[in-house]
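Student: In our numbering, the protein residues as written are 8 to 297.
Every residue gets a Cβ at the ideal spot worked out from N, C-alpha and C, and that includes glycine.
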Ligand code: GUN
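1) Excluding five sequence neighbours on each side, which residues of the same chain lie with their C-beta closer than 7 Å to the C-beta of residue 150?
2) Given this structure, state the Cα-to-Cα distance separating residue 88 from residue 204, to the nearest angstrom.
3) Should residue 24 be labelled buried (16 or more other beta-carbon atoms within 10 Å of its own) or exposed?
4) In three-state DSSP terms, what is residue 234?
5) Note the first and the last residue of the continuous alpha helix (DSSP H) segment covering residue 114.
6) Are at least three pairs of beta-carbons, each pair with one atom in the region 191-200 and one in the region 248-267, less than 8 Å apart?
7) From what residue to what residue does the beta strand (DSSP E) around residue 69 run?
8) From residue 230 to residue 90, what does the alpha carbon distance come to, in whole angstroms?
9) Would you report the Cα separation of residue 120 and residue 97, rounded to the nearest angstrom?
10) Are there 16 or more other CB atoms within 10 angstroms of the CB of residue 241, so buried, or fewer, so exposed?
11) Who are the Cβ neighbours of residue 208 in its own chain at under 8 Å, not counting the five residues just before and after it?
12) Can you tell me which residues form a DSSP beta bridge with residue 242?
13) Buried or exposed: where does residue 273 fall if 16 or more other Cβ atoms within 10 Å of its Cβ makes it buried?
14) The ligand GUN heavy atoms versus the CB of residue 4: any closer than 6 Å?
15) Say yes only if the C-beta of residue 311 is nearer than 6 Å to one or more non-hydrogen atoms of the ligand GUN, and no if none qualify.
16) On the DSSP bridge assignment, give the partners of residue 47 in chain order.
In structure tokens, the structure reads:
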């Protein structure tokens, strides 16, 4: 078994992005600028947004973090989005999800200008992705493609099984793995909570992408010998061995599954850092087009 090391690969990607920023500035360009809106103080979202802001600094981007109280009205949030849409100094905008229940994620996503939608969640970007036209790809699926590419994982003609049909990961992932692109050309099965014969399907996967958000859901008996396993899940569990008292675990029972597969992403240090690197890549692209 070989680890698909997202930390290492994302560092390489970030170095490449930082180099491009240096060249951009040397040629009289401006620093790429990402704005992030965080509504409320949900622990996990706070951690993710802070990591995104920190990564911006590392590659030489400007960043703006806008924090809004969890009781903020939908109309005030939409006004903030519109202000950033109109600000020529800001290239990309993300609104960290999930949002409080009284705010429509769809309305917020649709209000972000597609040219600044570096999360790739706007219907225009998702539609263009579907048609294999240039677009911002959702960061987590794009990070997974990049990881598979950099480890030269053969995907063409393989059976790829995706568990989970979220708009952020599972659904776009299934589309991307089936596209006629370098990393793609898979026969894809998208499975979800109503799938009846899940284990039978996952056991036939050459590439298994797990994004359902259930701690250690995938056991060794669900995985084919030699499969490539990508774990998108992140759950915080209490730990007596870490300073923070927490550690992160995935949707895959790593200890037993890793003995059976050819490649696997660890949690942490797999898909998470690749997601951030992809967001930076999208932001650099947005800045070049701005
Ligand atoms: N919440 C979980 N993943 C993401 C992501 O990639 N982008 C945003 N904006 N929110 C998220």
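Tutor: On the basis of the data shown:
1) Taken in chain order, the residues that qualify are 278, 281, 282, 284, 285.
2) Rounded to whole angstroms, residue 88 to residue 204 spans 43 Å at the Cα level.
3) Classification of residue 24: buried, given that the 10 Å Cβ count is 16 or more.
4) Correct three-state label for residue 234: coil.
5) Residue 114: member of the alpha helix (DSSP H) spanning 112-118, first to last residue.
6) When Cβ pairs closer than 8 Å are counted between the two stretches, the region 191-200 is seen not to touch the region 248-267, the count staying below three.
7) Residue 69 -> beta strand (DSSP E) spans 69-75.
8) The alpha-carbon of residue 230 is positioned some 48 Å away from that of residue 90.
9) Near 12 Å, if we compare the C-alpha coordinates of residue 97 and residue 120.
10) Residue 241 comes out buried.
11) Apart from sequence neighbours up to five positions away, the residues of its chain that approach residue 208 with a beta-carbon distance below 8 Å are 168, 196, 198, 202, ordered along the chain.
12) Residue 242 is bridged by DSSP to 256.
13) With 16 or more other Cβ atoms within 10 Å, it is buried.
14) This structure leaves residue 4 out entirely; the chain is present only between 8 and 297.
15) With the chain represented from 8 up to 297, any question about residue 311 goes unanswered, as that position is not in the structure.
16) Residue pairing for residue 47: DSSP places it in no beta bridge.
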